[in-house]
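Same order as they appear, the protein sequences are chains W and P.
Going by the numbering used here, the final residue of the first sequence carries number 945, and the count climbs one at a time with no gaps.
Going by the numbering used here, the final residue of the second sequence carries number 945, and the count climbs one at a time with no gaps.
Where a beta carbon is used, it is the ideal one built from N, C-alpha and C, also for glycine.
Everything numeric in this text was worked out from a predicted model, so none of it was measured.
What follows is a set of notes on a single structure, which appears directly below.
Number of protein chains: 2
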Amino acid sequence: MAKKYVYYFSKEKSDGDTTMKYLLGGKGSNLAEMCNIGLPVPPGFTITTEVCKYYNENDKKYPKELVGQVETDIKKLEKLLGKKFGDKKNPLLLSVRSGAAVSMPGMMDTVLNLGLNDEAVEGLAALTGNPRFAWDSYRRFIQMFSDVAMGVPHHSFEHSLEEVKRGIAQRKGIKDVESLFQEALNKLIPDTALEGDDLKELVAKYKEIYKKHKKSEFPQNPKEQLWYAVNAVFGSWSNNRAVAYREINNITGLVGTAVNVQAMVFGNMGDDSGTGVGFTRDPSIGDNKLYGEFLMNAQGEDVVAGIRTPLPISELKKENKEVYNQLQDIRLKLEKHYTDMQDFEFTIENKKLFMLQTRAGKRTAHSEIKIAVDMVNEKLISKETAIMRVKPEQIDQLLHPMFDLDEEKKTKVFSKSGLPASPGAALGQAVFTAEDAEAWKKDGKDVILCRLETSPEDIRGMYAAKGILTARGGMTSHAAVVARGMGKCCVAGAGDIHIDGKTKVMKVGAVVVKEGDWISLNGSKGIVYIGKIKLIPPKMSGPFGILMKWVNEYKRLGVRANADTPNDTKVALSFGAEGIGLTRTEHMFFEGDRIVAFRRMISVAPEVKRLRDLIDDETDSEIIEQAKKDLKQPLEKYLQALKDLLPLQRKDFEGIFKELKGLPCTIRFLDPPLHEFLPHDEKGQKALSAALGTDFNKVKDIVAGMLESNPMLGHRGCRLGITYPEITEMQTRAIVEAALNVGKKGIKVKPEIMIPLVGNVKEFTLQKEIVLKTIEEVKKQKKIKKLPFDIIIGTMIEVPRAAMTADEIAKEAEFFSFGTNDLTQMGCGFSRDDAGKFLGDYVKLGIYEEDPFQSLDIKGVGRLVQTAVDLGKSTRKDIKLGICGEHGGDPKSVEFCHKIGLNYVSCSPFRIPIARLAAAQIVIKEKVINLKQRKK
Amino acid sequence: MAKKYVYYFSKEKSDGDTTMKYLLGGKGSNLAEMCNIGLPVPPGFTITTEVCKYYNENDKKYPKELVGQVETDIKKLEKLLGKKFGDKKNPLLLSVRSGAAVSMPGMMDTVLNLGLNDEAVEGLAALTGNPRFAWDSYRRFIQMFSDVAMGVPHHSFEHSLEEVKRGIAQRKGIKDVESLFQEALNKLIPDTALEGDDLKELVAKYKEIYKKHKKSEFPQNPKEQLWYAVNAVFGSWSNNRAVAYREINNITGLVGTAVNVQAMVFGNMGDDSGTGVGFTRDPSIGDNKLYGEFLMNAQGEDVVAGIRTPLPISELKKENKEVYNQLQDIRLKLEKHYTDMQDFEFTIENKKLFMLQTRAGKRTAHSEIKIAVDMVNEKLISKETAIMRVKPEQIDQLLHPMFDLDEEKKTKVFSKSGLPASPGAALGQAVFTAEDAEAWKKDGKDVILCRLETSPEDIRGMYAAKGILTARGGMTSHAAVVARGMGKCCVAGAGDIHIDGKTKVMKVGAVVVKEGDWISLNGSKGIVYIGKIKLIPPKMSGPFGILMKWVNEYKRLGVRANADTPNDTKVALSFGAEGIGLTRTEHMFFEGDRIVAFRRMISVAPEVKRLRDLIDDETDSEIIEQAKKDLKQPLEKYLQALKDLLPLQRKDFEGIFKELKGLPCTIRFLDPPLHEFLPHDEKGQKALSAALGTDFNKVKDIVAGMLESNPMLGHRGCRLGITYPEITEMQTRAIVEAALNVGKKGIKVKPEIMIPLVGNVKEFTLQKEIVLKTIEEVKKQKKIKKLPFDIIIGTMIEVPRAAMTADEIAKEAEFFSFGTNDLTQMGCGFSRDDAGKFLGDYVKLGIYEEDPFQSLDIKGVGRLVQTAVDLGKSTRKDIKLGICGEHGGDPKSVEFCHKIGLNYVSCSPFRIPIARLAAAQIVIKEKVINLKQRKK
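Structure, rendered in structure tokens:
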């Protein structure tokens, strides 16, 4: 038997059903399914997605069986409806619509009224006794068909419509018609004001336009029309916009679109006809009631085009109560059948209701959650289904202030080339330096800090700003990481913006934003607007809370937060964090005056190191004596600076421990290269020279001496603690003393010390020795025999070598936390700050499915993680395993972490609910897979 | 039974033998062994190295059994020799000498004549009838003992000797004695001119000096003297110099030094006594004859001290023919017994010969090889032993010009803080810019290029220079890598040199070298001298050639060269290379005018890329049209530049293929980040702007746009070929066309194309597609059906992710070449340019045994390599495997490569003999291990 390429559907009999989505597309499978459950659907047939694949792979040819199968189904339609395709008197008219398995804007969409020609239009007019309807249908068909199937742009026809309208206006005696603006003209002469003859005139003009563009007459043969339209749909699968859409939305695994050919029903047949769209529940707030809008005497495109304002669906009661009630019944039937909120299209033809489409309705995150929770309560779905239905990424919307959508749509875009680096929305006046941000903030102003890129020197300015905009850098650039950590809106790497920090101006092309100008950032989309947009604060609504409670019934993976301050900790706990997986101690050094003490320390540290080495290595006793003398002063300064930092850092830890009330807290020792803490501009260096009482040139030398060719692979992480063991001592002491102080108040503490950037077990043991020695010293000083709390010492696994030698490291380390940012940098050899130059291409070319800094590269970096887990467990069975890279909040990565048996993930506070949901979903997925396997 | 801590030896009976080196030290075990084979050795005993360990670990205490065991052996000596330790009339005198398993300068060395005191000296004088001898022995003992055992510096005693000599001179009536310089005084009154009374006076003075320093009398109790001396030896094991020596020379696994206590024999008993050192063959040229020197009426220290000039050993025939003949016999006996060249010490006491020490003699690389080859011919040793005896690193000396050692010793050192970055020696006038180097070279001058660090812009200056000196950078810095590639002497990272490129001056402290001053570099030691030192050209002497032929009978591993030019290739082949493992195509772009064409290409490339992306991504057809127009001009320039580069590159490959005559040649595509090819200084950018006819500011922008935060992890390697596929096309075409052209001349060719920096198999397949497509194009153009040579396509494994996914990559790649430089950088997270800041500490602290850039980090990076080998073979059984990082010429790394089954190593031409030797040695080692296991 020949392969089946065409699937017929009608109320009486359907070849397909809802399970055949990949073959028939979403639209096609649901049309068949609606027929199957007895809903009023105009009959038609669907050409499968396989044909699309064949067409695009075979030089735009079709399988030879196709034409025959299509003609057979057209005959079935003719027979059922008593009409004939191309008939002069009673023509069968068709709609042709695309429909892939996933809804996809950008493809050729719809051609209505196909089958009309110069003769059939007359027949239709005679048959319906409604010439206006017939000619209106024909002119719509010409315009739509020419645009989508033949490439004659839609706007080419607009001028003619205007001409005809001006003619009518003149005939009506309206003055100064020629000078009327189009808008005014449309108000005076709406489309509905055109009579049959006007439309006939318009058809003639349209055909002329077509001829001018295509150098041939408008096709009169209905079959020819049909195949042109089908070709256009299949061809549009691979046009730029559709390809781009699939890329952007990560849509893979589809072979093509299907084509749905369906008998026309007419909403424009008169005042007892109409068309509309409906939702089985309110898609924006989730209420359980029929929602939608309609237009009488109109075809579908009129609802979308916005020329006439549709009415709310409740008004349909007045127009046609029977149809309204019928829709209410259908709503319940659809929901019961699909057990999900549906978005449907309908047409009323001469008072009779037809369903043209149904699909799962798009909805806001808010309504998604409300509907899911409600449906559990209505016993329509299970808790598991409810949890699975909410996409983790959607929740993000609920956790940040957002713009009023309507206002946002109307606001002028400044740049849309940026990355959605830290979600939420923010508005403020543009400033171009961190200092200005601080100063303006002091004056009570809201500011957006706009920088080419940010560096640690900008931290205080970043704190002060409402949002951060950079022209350079990726999803894990400094700006992005810090902003996400702060839960602050950020658009990063907006490459089309030219920022001039000196003149305090930025431009995109000719559009200029000056200091003090208001701008608005959408950090969830990466868009920058000019002007202010109204903000809507985040709501932690009831159903959300309920869903997140259910989530905890399922998930096995722990979810901790990356948090550096008591305030971050508080926020994280309110989102359900079960502890802290990463406290970055260095961020504490940027606040307030501590940067001064810290800089005092690092500005003498290299000199201390140099002299110590000299004393160690030299054999000449005179040189040694001299070096010992020389060492005295810098060593004093160095130790004093550390002494000054100790109480500050201890206080930070106390604050965090108090918030945590006994939940675990992983504290990472100083990690970034020291030069990140020093000013790199002359102004800053002069200020530092004054603060230190050190010669300016010497300060310059110190900073220059710390610069590195590849700082990511340089003197940082535990390498600092090995060179400067006193830093490790100070940090250990701060942690232990803080824990003791908080413990005295009857609050439990559970500190975990984490040594960063270990690549070799010996680095770890050397640092661990210092930690243990310092703990003993504190105990001695405080006269304590045994610490009244447990403290464990572990490491980050972020250097590939550490992963490869994790068996050795696990003998010494009590826990591993995967630092997947660095593991990705070193594992893939991608500098997060530079990879922007090619990573876009890499994703486009399919080298990586996603940016590996956003979603863990499971095939590559994941193998390193897996290796480390296996090796680690081989020497320490019960080793605690977590992840604290940016991936800890990425649902796919969370899934991977669950599968390889980590104990927890840790992510920024604002992603905690996302991670929790993802952790629950993978448990449910596994359950489903297990069930399926058991059935086999 | 109590543990044995003391091992007795005498001609009659010895507790030890030569196999007990780790317990008795080299000296102790060989003293016992010489006794065993019947050589005349004064009796004595050895306190074991275990005692040293105990002493240093137990707060300077000894095992309780020790004293008893020592006293027992002293009694044996007393009985054997008929003398008594501390006796007033016939005292037993002892020497106390240190001796670890490995000879180690820096430890306390020797105390002679121990046992003398105020009474015993009189007895000795009476017994020998030689008061001069007795008092001379006592004063020597006081000075030596005070210095080495009691910490009273040697020079403290010098003034007294001078005083006594001036007294004698005055007595002799010499005028102006007080104003005589010390040297003149020593000539007038040599030590031998001192009579018994003078020496007695001197002893009194020495004892005063001792008292002044130590606030106590000189110890008179011989046992007390003995234990002081033993303590000093054991204590010196852990002094700074000894620890530093072990660190520098990678001496690990020793527990301590032994102490040898031996009955004294006296070379200073009169004119029929004497002392000397001998070698069983000539240690500097390897001739098979007795070699050495001696002094009559002297103790060992006199030979070393250089106050009297020793006589060549052939002169001994005249002094004492019998002893001379005896030494000739001993020479043969020793060589037969030890089957190696020996370095020995002897003393003649009253015409009687005593052997005091023997050990394997130190020798030059030249004599090492000659002796080994001679001994095979003499059937003393096997070929295998000969091969094993030559240290691979030693060979390096033979492959480069070297300084005349005597001249070098006398020349003033400018800096010794540098690294031996590229071996050999060079002298020239200091210049401070690459341009100057070129200009001076043109004027016929020899120059040394002195830079803070070098960059690719300096390449032509580096070519022009005789040697390269940098103040910054490690063993794998740009200067070091390029210099080794060129076989050019280089001292890198001489941190104490302050180079001022502007004023063209460099300084170490107050010592200044100006432009044009002559300096000399020892690249094998990392030393910079002021002035000229005579150069000795390298010799490829006969025995060396023979040995290298033997090597090929054993080694299984292939040895290829990293070579970028026909000349490099020639050198490599002359050293025995079996092909080229790495041709870095980018080096070709720096030569002559091609850099201009190359810069033309990269200066428009980003614009081409930007517009192409726009055309791809944009949906607005107007913008697309505009972009297409805009693209035209830059695209033309870009393609033209590539077209210009093609014939140049093709010619390079032709030259290399011709040299290789069918040996394989692995060619790596363009690898470094593009900005390395652009000038970073204003002057260079202005010149480029003129050459390109592009606005200076635009040139600045282009360069700035290419800068990266972490260039090692940036836009380089195959990432370039993916962004700019036309570069890959051009390089493929150049290779294939060159191979065809050379093939036409009847010369075989075997090109292998290598895609660099692959981390993901898809990167490889995308590049491979371009290569295959281009080959097809060439074939079509040349009307060839099948290429007349094989061409294979493989990749470097240098990104950790590539190692972890090598199974995937091996499905596509026909060979792997491990780029262990980058694999180390990314695997360990060490930037080779920055790691100098902490890697020194890392080696000192034992975190890494050696600098992982010099010797492959087998435990970590090695695991990545091993993983890649295993995974690669799992999907392509016969995959060709090689290594082309800097480690390919490191013997330990070569050993590892052999063990994991690589097919070949590739290294710089000048290291090829080293790699070949190492490859043979591991085969022999394995054979020995297998034999041992079979015996078990």
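Between the alpha carbons of W/GLY852 and W/ARG841, how many angstroms are there, rounded? Looking at the sequence provided, one finds Val at residue 852 of chain W rather than Gly. Inter-residue distance for W/VAL852 and W/ARG841 is about 15 Å (C-alpha atoms, whole angstroms).
Locate the alpha helix (DSSP H) running through W/TYR948, then write down its first and last residues. Examination of residue 948 of chain W is not possible in this model, given that chain W is present from 10 through 945 alone.
Output yes or no for whether 8 Å exceeds the beta carbon distance between P/VAL105 and P/PHE54. For P/VAL105 and P/PHE54, no; Cβs fall outside 8 Å.
Host beta strand (DSSP E) of P/TYR14 (start-end): Unbroken run through P/TYR14: none, as it is neither H nor E.
Taking its Cβ as the centre, do 16 or more other Cβ atoms sit within 10 Å of P/LYS846, making it buried, or is it exposed? Label assigned to P/LYS846: buried.
Backbone CA spacing between P/GLN438 and P/ILE528 [nearest angstrom]: Going by the C-alpha atoms only, they are around 6 Å apart.
Classify W/HIS487: buried if its beta carbon has 16 or more other beta carbons within 10 angstroms, exposed otherwise. That one is buried.
Hey, is P/CYS837's beta-carbon within less than 8 Å of any beta-carbon in chain W? Any Cβ of chain W closer than 8 Å to the Cβ of P/CYS837 would place that residue at the interface, and such an atom is present.
Would you list, in chain order, the members of the segment 804 to 836 of chain P that have their beta-carbon closer than 7 Å to a beta-carbon of chain W? Within the segment 804 to 836 of chain P, the residues whose Cβ lies closer than 7 Å to some Cβ of chain W are VAL808, PRO809, ARG810, MET813, THR814, GLN834, MET835 and GLY836, listed in chain order.
Among the residues of its own chain, which have a CB less than 6 Å from the CB of P/LYS392, if the five just before and after it don't count? If we look at P/LYS392 and ignore the five residues flanking it on each side, its Cβ neighbours are VAL385 and TRP559.
Judging by CA-CA distance, which residue of P/MET117, P/ILE83, P/LYS523 and P/ASP96 is the nearest neighbour of P/HIS163? That would be P/MET117, whose Cα lies nearest to the Cα of P/HIS163.
Within chain P, partners of W/TYR472 - CB distance below 8 Å: Residues of chain P passing the Cβ test: none, with the nearest at roughly 23 Å.
Is DSSP giving P/GLU587 helix, strand or coil here? Shown here, P/GLU587 sits in coil according to DSSP, grouped into three states, outside any helix or strand.
From the DSSP secondary-structure annotation, give me the bridge partner or partners of P/PHE441. When DSSP reads this structure, P/PHE441 sits in no beta bridge, so it has no partner.
Just to confirm the assignment: which complete alpha helix (DSSP H) runs, minimum length 4, are found wholly within the segment 667 to 725 of chain P? Fully contained in the segment 667 to 725 of chain P are the following alpha helix (DSSP H) runs of length 4 or more, in chain order: 691 to 701 and 705 to 715.
Determine the contact status of P/ALA924 and P/GLY897, defining contact as a CB-CB distance below 8 Å. Between P/ALA924 and P/GLY897, the CB-CB gap stays under 8 Å.
I want to verify the contact list: residues of chain W whose CB lies under 7 Å from the CB of P/LYS782, in sequence order. Residues of chain W passing the Cβ test: none, with the nearest at roughly 16 Å.
Quick one: grab the DSSP three-state call for W/GLN335. Correct three-state label for W/GLN335: helix.
In terms of residues, what are the limits of the beta strand (DSSP E) holding W/MET515? 514 to 517 is the span of the beta strand (DSSP E), which, as asked, contains W/MET515.
Any chain W beta carbon closer than 8 Å to P/ASN45: No, because no Cβ of chain W sits closer than 8 Å to the Cβ of P/ASN45.
According to DSSP, residues forming a beta bridge with P/LYS97: The partner list for P/LYS97 (beta bridge, DSSP) is empty, contrary to what the question assumes.
On the DSSP bridge list, what partners appear for P/LYS759? P/PRO673, per the DSSP bridge assignment.
Do you know how far the Cα of P/ALA519 is from the Cα of W/PHE662? Straight-line spacing of the CA atoms in W/PHE662 and P/ALA519 works out to 50 Å.
Neighbourhood of P/ILE322 by C-beta distance below 7 Å, restricted to the same chain and skipping five residues each side: Residues of the same chain with a CB within less than 7 Å of the CB of P/ILE322, apart from the 5 flanking positions on each side, are GLY285, GLY287, LEU299, TYR300, GLY301, GLU302 and PHE303 in chain order.
Taking the Cβ atom as the reference point for each residue, do P/GLY108 and P/LYS36 lie within a distance shorter than 8 Å? In this structure, P/LYS36 lies closer than 8 Å to P/GLY108 by Cβ.
Endpoints, the alpha helix (DSSP H) within which P/ALA374 is located: It spans 374 to 386 - the alpha helix (DSSP H) in which P/ALA374 sits, taken as one unbroken run.
Candidates W/LEU101, W/ASN139, W/VAL751 and W/GLU128: closest to W/ASN122 by CA position: Nearest of W/LEU101, W/ASN139, W/VAL751 and W/GLU128 to W/ASN122, Cα basis: W/LEU101.
Return the residues of the segment 768 to 779 of chain P that lie within a Cβ-Cβ distance of less than 7 Å from chain W, sorted by chain order. Here the close residues are GLY768, ASN769, LYS771, GLU772 and LEU775.
Here's a check: name, in chain order, each residue in its chain whose Cβ is nearer than 6 Å to the Cβ of W/ILE909, leaving out the five neighbours to either side. If we look at W/ILE909 and ignore the five residues flanking it on each side, its Cβ neighbours are GLN875 and VAL878.
Span separating the alpha-carbon of P/LYS223 from that of P/ASP156: Cα-Cα distance, rounded: 11 Å.
Looking only at DSSP bridge pairs, what is W/CYS459 linked to? In the DSSP assignment, W/CYS459 is bridged to W/LEU478.
8 Å contact criterion, which P/ARG728 and P/VAL787 should meet: CB distance rounded: About 25 Å; that fails the 8 Å criterion.
Nearest to W/ILE83 by alpha carbon, out of W/ASP206, W/TYR17 and W/VAL120? Checking every option, the nearest Cα to that of W/ILE83 belongs to W/TYR17.
Could you list which residues in chain P have their beta carbon closer than 7 Å to that of W/GLU717, in chain order? Within 7 Å Cβ-Cβ: SER840 and ASP843.
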